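Written below as structure tokens is the structure these notes are about.
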Amino acid sequence: MRPLLYLILAFSLAACNLVYKQDIQQGNVLDEDDVAQLELGMTKRQVAVLLGSPSIASPFHASRWDYMNTYSRRGATPNKRVLTLIFDRVDRLEAIEGSYLDQDSVAAQALRELQQPSDTPIQDMESIRQDP
7 MRPLLYLILA FSLAACNLVY KQDIQQGNVL DEDDVAQLEL GMTKRQVAVL LGSPSIASPF
67 HASRWDYMNT YSRRGATPNK RVLTLIFDRV DRLEAIEGSY LDQDSVAAQA LRELQQPSDT
127 PIQDMESIRQ DP
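At position 66 of the sequence shown the residue is numbered 72 (my numbering), and the sequence of numbers has no breaks.
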């Protein structure tokens, strides 16, 4: 009986340490190439087509769009990135601000890893041709 009790105790203690914490990404995930295509003088519509709708479009500041992203790696402190776009009175892009594309941020590194193209085909052409 005692060995069984020790075994149950050992398994229950081991189970306490096996909690998996996954990486959490929230907000707008912007492609570096798309952000690089931003030009001063673009209209709001052009920016929306390029980047999508902003995370925050304040009714009090219609000339300001904020694209926000938070990336937390396995329980670590969240890494926040912000891209702020300021428009003039005729809705043309006037200024680009923020820390969205800082090269040293953890989120930017993770995004670059996801965007790495792979030259290895998923399935070779011979096996595709032989498939019935």
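Where a beta carbon is used, it is the ideal one built from N, C-alpha and C, also for glycine. Here the structure is a predicted model, which is why all the values come from computation and not from measurement.
- Taking C-beta atoms as the reference points, S59 and D72 fail to come closer than 7 Å.
- A buried status is given to L57, since no fewer than 16 other beta-carbon atoms sit within 10 Å of its beta-carbon.
- In this chain, E38 is not harboured by any beta strand (DSSP E); it is covered by the alpha helix (DSSP H) spanning E38 to A42.
- For the options I92, L99, R87 and V96, the alpha carbon positioned closest to that of E38 is the one of R87.
- Listed in chain order, the non-local C-beta contacts of P84 below 6 Å within the same chain comprise T76 and S78, local neighbours out to five positions each way being set aside.
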